[in-house]
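Heads up: the sequence shown begins at 61 in our numbering, then just goes up one per residue.
I have placed the structure first, in the form of structure tokens, so that the comments after it can refer back to it.
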Amino acid sequence: MQLILLEKTYDYPNKVESIDELIQQIIDTLNESNLYFNYLIVDGVEVYDECEEYLLDRINDIKKIEVEAKTVETFTSDLLLMGENYLKGAIPEVSKLADEFYKGATQNTWEKFQQLLEGLQWLYQFIETVNKNSERPYNWDQFLEISGNLQNELQNLNEALVNNDAILIGDLISYEIQPLLERFKDELTNTIDHQGQRTDLN
């Protein structure tokens, strides 16, 4: 089978043990070129997720694997769009979540609360990822400030959880975390519009 990577061709035997070597070749080459993996085209089929499993399942029949990569600029732009889309949907739910804590938290409330924490974790990962890039938004300091404030409020939230203070949890979500998420979304929107890269995500 052939691996076509940045206009170079590599030949590998159609064996299971070839997959690790092939994947490492992709990782090393993209890192050296300051590019990010986007997706594979395996015998004409685009594969975005679980690429290793896809290759292993078809190892005997694969003829050609093409690698599509993203520039740092495109990768960052896609992250910005993902963040904006997430927050557009999440902020109204955050407002409802605060109301539920005021009225009395149910099992469903705590499940939504866990989703909020997972969303915040994604935002922190977004900050860490972009912070490592050579290409950062012009207003990056604003993102770092908001992220720092969110971390402070999460510490306050943890104290409220320890004390089982549902009213304080609702207050922190409503008056501290939600406004910070709104600021985060506004900065994302400003960045995307400023850079002129508002395109549809694949």
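Backbone N, C-alpha and C define an ideal beta-carbon position, used for all residues, glycine too.
Please read all numbers here as calculations on a predicted model, not as lab measurements.
For residue i, the nearest candidate out of the options (CA to CA)
i, options, result
"residue 273", "172, 178, 195", "The shown model of the chain, from 61 to 262, leaves out residue 273, and the question about it has no answer."
"residue 234", "112, 67, 160, 129", "160"
"residue 254", "224, 220, 182, 137", "137"
"residue 246", "223, 179, 141", "141"
Neighbourhood of residue i by C-beta, 6 angstroms cutoff - its chain only, sequence neighbours within 5 removed
i, result
"residue 172", "157"
"residue 262", "A caution first: residue 262 carries a pLDDT of 45, below 50, which makes its placement in the model too unreliable to give a value."
"residue 73", "none"
DSSP bridge partner residues for residue i (one or two, in chain order)
i, result
"residue 238", "Looking at the DSSP assignment, residue 238 forms no beta bridge with any residue, so it has no partner."
"residue 101", "106, 126"
"residue 65", "68"
"residue 147", "DSSP, once it has assigned bridges, lists no residue as partnering residue 147."
Sequence-distant residues of its chain with Cβ nearer than 7 angstroms to residue i (five each side left out)
i, result
"residue 186", "139, 143"
"residue 191", "none"
Exposed unless 16 or more other CB atoms sit within 10 angstroms - verdict on residue i
i, result
"residue 154", "buried"
"residue 65", "buried"
"residue 169", "buried"
"residue 62", "exposed"
Chain C contact for residue i (CB, 8 angstroms cutoff)
i, result
"residue 102", "Checking the listed chains, one finds no chain C in this structure; it contains a single protein chain."
Same chain, Cβ closer than 8 angstroms to residue i, five either side skipped, listed in chain order
i, result
"residue 162", "226, 227, 230"
Flag this pair as touching only if the segment 113-130 and the segment 187-206 have three or more C-beta atom pairs under 8 angstroms; answer yes or no. no
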